[in-house]
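Undergrad: Heads up, the sequence shown is in the numbering used here, so the first residue is 28 and it goes up one at a time. Glycine residues also receive a C-beta, built at the ideal position from the N, C-alpha and C atoms. Just so we're clear, the structure is a prediction, and the values are computed from it rather than from any experiment. A single structure is presented below for examination.
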Amino acid sequence: MAYGKKEDPIACTRVIRDLIAAGERKRVYLLYGEERYLVNQNRDNLMKFLNPSGDTMNVNTYVGKDVNVKELIDIAETLPFFAEYRVLYLENTELFSSAGEELAEYIKTAPESTTFVFVEQNVDGRSKLYKAVNANGISVQYVKQSTATLEAWVKQRVRREGGGIQPSVVRYFVQKTGDNMQLLEQELNKLLAYTWGKTEITVQDVEEICVTTLEDRIFDMIDAVSKKDQKTTLRLYHDLLALKESPVKILALLNGEFARLYAMKEAFEQGATKQMVAERLGVREFWVTKRQPILAKYKKEELRACFEQGVQADQQFKEGKITDRLATELLLVSFTRVSD
Numbered sequence: 028m029a030y031g032k033k034e035d036p037i038a039c040t041r042v043i044r045d046l047i048a049a050g051e052r053k054r055v056y057l058l059y060g061e062e063r064y065l066v067n068q069n070r071d072n073l074m075k076f077l078n079p080s081g082d083t084m085n086v087n088t089y090v091g092k093d094v095n096v097k098e099l100i101d102i103a104e105t106l107p108f109f110a111e112y113r114v115l116y117l118e119n120t121e122l123f124s125s126a127g128e129e130l131a132e133y134i135k136t137a138p139e140s141t142t143f144v145f146v147e148q149n150v151d152g153r154s155k156l157y158k159a160v161n162a163n164g165i166s167v168q169y170v171k172q173s174t175a176t177l178e179a180w181v182k183q184r185v186r187r188e189g190g191g192i193q194p195s196v197v198r199y200f201v202q203k204t205g206d207n208m209q210l211l212e213q214e215l216n217k218l219l220a221y222t223w224g225k226t227e228i229t230v231q232d233v234e235e236i237c238v239t240t241l242e243d244r245i246f247d248m249i250d251a252v253s254k255k256d257q258k259t260t261l262r263l264y265h266d267l268l269a270l271k272e273s274p275v276k277i278l279a280l281l282n283g284e285f286a287r288l289y290a291m292k293e294a295f296e297q298g299a300t301k302q303m304v305a306e307r308l309g310v311r312e313f314w315v316t317k318r319q320p321i322l323a324k325y326k327k328e329e330l331r332a333c334f335e336q337g338v339q340a341d342q343q344f345k346e347g348k349i350t351d352r353l354a355t356e357l358l359l360v361s362f363t364r365v366s367d
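Set out below in structure tokens:
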């Protein structure tokens, strides 16, 4: 059976947990998807369930694409040593393509005493191995969680630790940290430790303890540019230089931001929703929401002009007419010049 994008993504996160709670073992498991935090978390729980004693004699591990399928089948045919079953753990093998056809045929008749656990990044749903897994076991796809789900997850975790946090603070924390659940957990653990004993987590707590990413700093710079705040813009730029970020990288990121802002403006003018814009740009919906106030300050033609100026500055640097630092600084000054 396959669980994935067609189902509720939250329900998908519970599939392995529910099987473990019921004590139900499948012959074949496939865990995959872009949300690696959930993939790894469920993998670890599953392996503890299948091998509670940590026995290495009856667990065979294969990582990478250089898997000898014939050797794998020979191992699968070997009876477990003083145990109920043998576990074959395979990670990032790239077998879910034409390379896995032999294994797909074998899985249909593999002994009941052998359990396969596949953990992959990407899977071809048309492959014979994928179909064999679902016919003889279970596959679960872990997709990126929605902003609402991430916010609910953070709020629940804070409450479980006995703390309090307002929805606006949760929203700010998720926007600042991003949608990577591994990073969210790391930053949340730091935040909970920092605020231990407090009844309420505040925006100031988030500001003081959570990492400000390069993307956040570029956003702050674009925000300052949109307000024609030259002093703040240049201060943020020099802060990035002090953090050893190169001017050429900053210039590239600025150009990328203006290109996406132009694409957003165009999409909204064509009647697209926030969700449609996010899907078109390959970003999260809160990424779009965060930039809407900036978007309101520009006409589409102005955004295009900013992007073209950035491309021209990059070209002047590459042709050796100007240094990368001066090219970026002149661009920022031009962006923040107040018209007479």
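#1: Among the candidates Thr259, Tyr133 and Thr300, whose CA atom is the shortest distance from the CA of Val55?
#2: Could you check what DSSP says for Tyr56 in three-state terms: helix, strand or coil?
#3: Would you identify the three-state DSSP class for Ser140, choosing helix, strand or coil?
#4: Within the present structure, is the beta-carbon of Val360 separated from the nearest heavy atom of the ligand FMN by less than 8 Å?
#5: Run the CB neighbour count on Lys292, radius 10 Å, all protein chains shown included, and call it buried at 16 or more, exposed below.
#6: Could you give the distance in angstroms between the alpha-carbon of Lys255 and the alpha-carbon of Glu188?
#7: Could you check the C-alpha separation between Gln302 and Glu312 for me, to the nearest Å?
#8: Tell me the rounded alpha-carbon separation between Ile47 and Phe76.
#9: What are the start and end residues of each continuous beta strand (DSSP E) run of 3 or more residues lying completely inside the segment 43–115, in chain order?
#10: Determine whether the beta carbon atoms of Gly127 and Ser154 lie at a separation below 9 Å.
#11: Would you identify the three-state DSSP class for Leu122, choosing helix, strand or coil?
#12: Tell me the DSSP bridge mates of Glu328?
#13: Looking at the secondary structure, which residues open and close the alpha helix (DSSP H) in which Arg352 lies?
#14: Are the segment 306–325 and the segment 345–354 touching by the rule of at least three beta carbon pairs closer than 8 Å?
#15: When you compare the CB positions of Pro194 and Glu214, do they come within less than 9 Å of one another, or not?
#16: So, at 7 Å on beta carbons, what are the nonlocal neighbours of Phe334 in its own chain, with the 5 sequence-adjacent residues on each side left out?
#17: If you draw a straight line from the C-alpha of Ile349 to the C-alpha of Arg184, how long is it?
#18: In three-state DSSP terms, what is Val238?
#19: The alpha helix (DSSP H) spanning Trp314 covers which residue range?
#20: I need the straight-line Cα distance from Val275 to Gln319, nearest angstrom please.
#21: Give the straight-line distance between the Cα atoms of Glu118 and Val86, rounded to the nearest whole angstrom.
#22: Can you give the Cα-Cα distance for Thr316 and Ala323, rounded to whole angstroms?
#23: With a 10 Å radius around its C-beta and 16 neighbouring C-beta atoms as the bar for buried, classify Arg113 as buried or exposed.
#24: Assuming Tyr264 contacts Ile249 (C-beta within less than 8 Å), just tell me the rounded distance between them.
#25: Here's the rule: buried if 16 or more other CB atoms are within 10 angstroms of the residue's CB, otherwise exposed. What is Gln148?
#26: Which stretch, first to last residue, makes up the alpha helix (DSSP H) that contains Gly283?
TA: Reading from the atomic positions:
#1: Tyr133
#2: strand
#3: coil
#4: As far as ligands go, the structure on display features none, and thus does not contain the ligand FMN.
#5: buried
#6: 43 Å
#7: 6 Å
#8: 7 Å
#9: 55–59 and 86–90
#10: yes
#11: coil
#12: For Glu328, which the question treats as bridged, DSSP gives no partner whatsoever.
#13: Asp351 to Phe362
#14: no
#15: no
#16: Asn282, Phe285, Ala286 and Tyr289
#17: 51 Å
#18: coil
#19: Glu312 to Leu322
#20: 26 Å
#21: 13 Å
#22: 12 Å
#23: buried
#24: In fact, because the Cβ distance is near 11 Å, the residues do not count as touching under 8 Å.
#25: exposed
#26: Pro274 to Glu296
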